[in-house]
């Protein structure tokens, strides 16, 4: 478990666009006749989960400097063999298609939850991250998700998703979709936003066409 109390009150508001979403259409009953899948674990294709290679600057950094950095950022950790944080984007080891978008956005350095969360998520480990609003949580999971998605086979119609993101409100779900669109378009990662209060037909069509990322409200 990773917790950061660092305060960043800036809130981002985004446009509702992406590679999917709600829209007009009549009531749709698609999915009402679906059967529960029968998983045969012996036939599931194995896939790589660990994409994190520690940068020499990370491995050479003295332990006392790491602990001091965590204290200054008010980070508390719980777990075993937790990777050390990355203090800049180069140390994270993201592919060029991710780094290109980071440079376009003008980000200077990762936020605390990104610094500590990226090595964990890129390693394919389970993680619970807790941080305040405006602390950069969305990129802490979106960017590793994009890396994991791009290292799996291309989805066909009816497949997917690879990543499921749940948000408590429609507004937040649409903001997350905007981030997924901004950082996923270079590698043609498709997404859709699924929420109540909108016709289900267009949403169902997006799902049937196949999207790598679904952002939804419970």
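Residue numbers (the working numbering): 8 to 225. Backbone N, C-alpha and C define an ideal beta-carbon position, used for all residues, glycine too. Nothing here was measured: the structure is a model prediction, and the numbers come from that model.
Contact check, residue i vs residue j, beta carbons under 8 angstroms
i	j	result
residue 153	residue 190	yes
residue 217	residue 166	yes
residue 168	residue 126	no
residue 159	residue 58	no
residue 176	residue 142	no
residue 199	residue 221	yes
residue 136	residue 56	no
residue 156	residue 138	no
residue 73	residue 44	no
Distance between beta carbons of residue j and residue i, contact taken as under 8 angstroms
i	j	result
residue 124	residue 112	18 angstroms between Cβ atoms; not a contact.
residue 128	residue 151	4 angstroms
Under the three-state DSSP convention, the category residue i falls into
i	result
residue 128	helix
residue 49	helix
residue 150	helix
residue 94	coil
residue 120	helix
residue 142	coil
residue 199	strand
residue 162	coil
residue 23	Annotation note: pLDDT 43 at residue 23 (below 50); position unreliable, coordinate value reported separately. Residue 23 falls in the coil class under three-state DSSP.
Contacting residues, own chain, Cβ-Cβ under 7 angstroms from residue i (five flanking each side not counted)
i	result
residue 162	217 and 219
residue 149	186, 187 and 190
residue 121	143, 146 and 147
residue 164	215, 216 and 217
Own chain residues within Cβ distance below 6 angstroms of residue i, not counting five before or after
i	result
residue 60	100
residue 30	Note on residue 30: pLDDT 46, under 50, position unreliable in the model; no value is reported.
Residues of its chain near residue i, where Cβ-Cβ distance is below 8 angstroms and the 5 sequence neighbours each way are ignored
i	result
residue 32	In this prediction, residue 32 has a pLDDT of 47, which is less than 50 and means its spatial position is unreliable; what the coordinates show is noted afterwards. So the qualifying residues of the chain are 206, 207, 208 and 209.
residue 224	173, 174, 175, 176, 177, 180, 201, 202 and 203
Below 8 angstroms, how does it come out for the segment 58 to 74 and the segment 104 to 120: are there three or more Cβ pairs, yes or no?
Taking 8 angstroms as the limit for Cβ pairs, the verdict is that the segment 104 to 120 does not touch the segment 58 to 74.
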